[in-house]
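Colleague:
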Amino acid sequence: MTAPLRLGTRGSALAMAQSGHVADALTAATGRPVELVEIVTTGDRSSEPVHRLGVGVFVSALRDALTAGEIDLAVHSYKDLPTGEYGGLHIAAVPPRQDPRDALVARDGRTLAELPSGAAVGTGALRRIAQLHALGMQLTVVPIRGNVDTRLSRVLGPDADLDAVVLARAGLARLGRTDEITETLDPMLMLPAPAQGALAVECRADDSDLVELLAVLDHAPSRAAVTAERALLATLEAGCSAPVAAYAEVAEGDTGEEIYLRGAVISPDGTRDIRLSRTGTPADAAEIGKALAAELLARGADSILGQPEHAGPGTQQFGSTE
Numbered sequence: 001m002t003a004p005l006r007l008g009t010r011g012s013a014l015a016m017a018q019s020g021h022v023a024d025a026l027t028a029a030t031g032r033p034v035e036l037v038e039i040v041t042t043g044d045r046s047s048e049p050v051h052r053l054g055v056g057v058f059v060s061a062l063r064d065a066l067t068a069g070e071i072d073l074a075v076h077s078y079k080d081l082p083t084g085e086y087g088g089l090h091i092a093a094v095p096p097r098q099d100p101r102d103a104l105v106a107r108d109g110r111t112l113a114e115l116p117s118g119a120a121v122g123t124g125a126l127r128r129i130a131q132l133h134a135l136g137m138q139l140t141v142v143p144i145r146g147n148v149d150t151r152l153s154r155v156l157g158p159d160a161d162l163d164a165v166v167l168a169r170a171g172l173a174r175l176g177r178t179d180e181i182t183e184t185l186d187p188m189l190m191l192p193a194p195a196q197g198a199l200a201v202e203c204r205a206d207d208s209d210l211v212e213l214l215a216v217l218d219h220a221p222s223r224a225a226v227t228a229e230r231a232l233l234a235t236l237e238a239g240c241s242a243p244v245a246a247y248a249e250v251a252e253g254d255t256g257e258e259i260y261l262r263g264a265v266i267s268p269d270g271t272r273d274i275r276l277s278r279t280g281t282p283a284d285a286a287e288i289g290k291a292l293a294a295e296l297l298a299r300g301a302d303s304i305l306g307q308p309e310h311a312g313p314g315t316q317q318f319g320s321t322e
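Residue numbering for the sequence shown follows the UniProt record's numbering, starting at 1 and increasing by one per position.
What follows is the structure in structure tokens.
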């Protein structure tokens, strides 16, 4: 009998759910059994706000285990991956992407527009903090940490202390919690993080048999969209926790498939933002991302990215524990 493939994953409910989905899909497509191996990362051990932890804190331990041969493949939330190359490893598949938009979960079923002035809204991402401030709604934005259940309890639990939280819709969908969403946020209001909603299935580059096996999970439109978004992020030389947003969509155009990329850089206090878009073909996804980043830089994005980290007025500076 073929030995099970060892799939490395973080131990949170969300990470286990998305890794389990990949494992089931791989077994269904190839017949190979897969077992999950829990790996604890630096980010899992820390209670610091996400944007202060640095790049790669949720993936480095998984990559170390993969390099050491302790696991055969790893599943990452693609938006957590550093944009630089990691020697010896290969992204063998990008499965079909979940809805990349952000979602609001608020008390009393409220939408964003229905929140009163001064309402306390929790989120763990500097990108979301910046865009909430940019709305000019006089919200009190609270940086929070913790798994999905912990964050939802800040609004829906018996000891709730927030009026609303903003999370990735994809995570709630993978956990079967979409019924608790009170509004899926329009990207015109809240542009997603680069690669939000996408997964990266990674293995050792020299394991050619596994590279070939995992290719069955790859979804070309999802890979093209993520490639464009991450090329923008890399060209801006911004980390995955920076106030940079990007959203690419692949659709049928007049002459074949087209990719439409929107990108934004927002100051942490929301007082400055630069938003641009660009189109092209999926085959040119990386070049589209690079070109849009160059346009953002030409409009002054580097001066925003160079600002000292601060979340702006109306933001409480603390985070929850994991």
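We put the beta carbon where it would ideally sit given N, CA and C, even for glycine. Computed from a predicted model, the values in this text were never measured in an experiment.
Assuming Gly263 contacts Ala130 (C-beta within less than 8 angstroms), just tell me the rounded distance between them.
Modeller: Not confirmed; about 14 angstroms, so no contact.
Colleague: Just to confirm before moving on: does the CB-CB distance between Arg128 and Asp163 stay below 8 angstroms?
Modeller: It is not a contact, given that the beta carbons lie outside the stated cut-off.
Colleague: Write down the C-beta distance between Gly11 and Glu38 rounded to the nearest angstrom, noting that I regard them as a contact closer than 8 angstroms.
Modeller: Sure, about 4 angstroms apart at Cβ, within 8 angstroms.
Colleague: Closest to Gly118 by C-alpha separation, out of Val105, Val141, Ala103, would be which residue?
Modeller: Gly118 has its Cα closest to that of Val141, out of Val105, Val141, Ala103.
Colleague: Count the other CB atoms within 10 Å of the CB of Thr83; is the residue buried (16 or more) or exposed (fewer)?
Modeller: Its Cβ being crowded by 16 or more others within 10 Å, Thr83 is buried.
Colleague: What residue from Ala285, Ile274, His219 has the CA that sits closest to Arg230's CA?
Modeller: It is Ala285.
Colleague: Leaving out five residues on either side along the sequence, give the residues of the same chain with a beta carbon under 6 angstroms from the beta carbon of Ala15.
Modeller: Cβ neighbours of Ala15 beyond the five flanking positions: Thr9.
Colleague: Suppose you measure from the CA of Arg299 to the CA of Gly280; what does that come to, to the nearest Å?
Modeller: Approximately 21 angstroms between the Cα atoms of the pair.
Colleague: Classify Thr27 as helix, strand or coil using the three-state DSSP reduction.
Modeller: Thr27 falls in the helix class under three-state DSSP.
Colleague: CB Leu185 to CB Leu112, shorter than 8 angstroms?
Modeller: In contact: Leu185 and Leu112 (Cβ atoms closer than 8 angstroms).
Colleague: Nearest-angstrom Cα distance between residue 340 and Gly136?
Modeller: This structure cannot speak to residue 340, because the chain is shown only from 1 to 322.
Colleague: Give the range of the alpha helix (DSSP H) segment to which Ile129 is assigned.
Modeller: First-last of the alpha helix (DSSP H) with Ile129: 126-134.
Colleague: Can you tell me whether DSSP reads Ile259 as helix, strand or coil?
Modeller: The answer is strand: DSSP assigns Ile259 an E or B state.
Colleague: Please report the Cβ distance between Gly171 and Val148, rounded to the nearest whole angstrom; I am assuming they are in contact, meaning their Cβ atoms lie under 8 angstroms.
Modeller: About 6 angstroms; that satisfies the 8 angstroms criterion.
Colleague: Check the C-beta distance from Val250 over to Ala225 and give it rounded, since I have them as a contact under 8 angstroms.
Modeller: That belief holds up - the Cβ atoms of Val250 and Ala225 are roughly 6 angstroms apart, short of 8 angstroms.
Colleague: Rank Ser303, Thr178, Asp72 by C-alpha distance to the C-alpha of Val211 and give the top, closest one.
Modeller: That would be Asp72, whose Cα lies nearest to the Cα of Val211.
Colleague: Hey, how far is the Cα of Thr182 from the Cα of Val94?
Modeller: If I take the Cα positions, the gap works out to 29 angstroms.
Colleague: Exposed or buried, which one is Gly289 when buried takes at least 16 other CB atoms within 10 Å?
Modeller: Burial call: buried.
Colleague: By how many angstroms is the C-alpha of Gly176 removed from the C-alpha of Ala195?
Modeller: Going from the Cα of Ala195 to the Cα of Gly176 covers about 21 angstroms.
Colleague: So, are the CB atoms of Leu139 and Leu104 less than 8 angstroms apart?
Modeller: Taking 8 angstroms as the Cβ cut-off, Leu139 and Leu104 do not qualify as a contacting pair.
Colleague: In three-state DSSP terms, what is Ile288?
Modeller: The answer is helix: DSSP assigns Ile288 an H, G or I state.
Colleague: Between the alpha carbons of Ala168 and Thr67, how many angstroms are there, rounded?
Modeller: Taking the straight line joining both Cα atoms gives about 30 angstroms.
Colleague: Using DSSP with H/G/I as helix, E/B as strand and the rest coil, what is Pro143?
Modeller: Here Pro143 sits in strand by DSSP.
Colleague: Grab me the residues of Gln18's own chain with a C-beta within less than 7 angstroms of its C-beta, minus the 5 sequence neighbours each way, in chain order.
Modeller: Excluding sequence neighbours, Gln18 sits near Val75, Arg174, Leu199.
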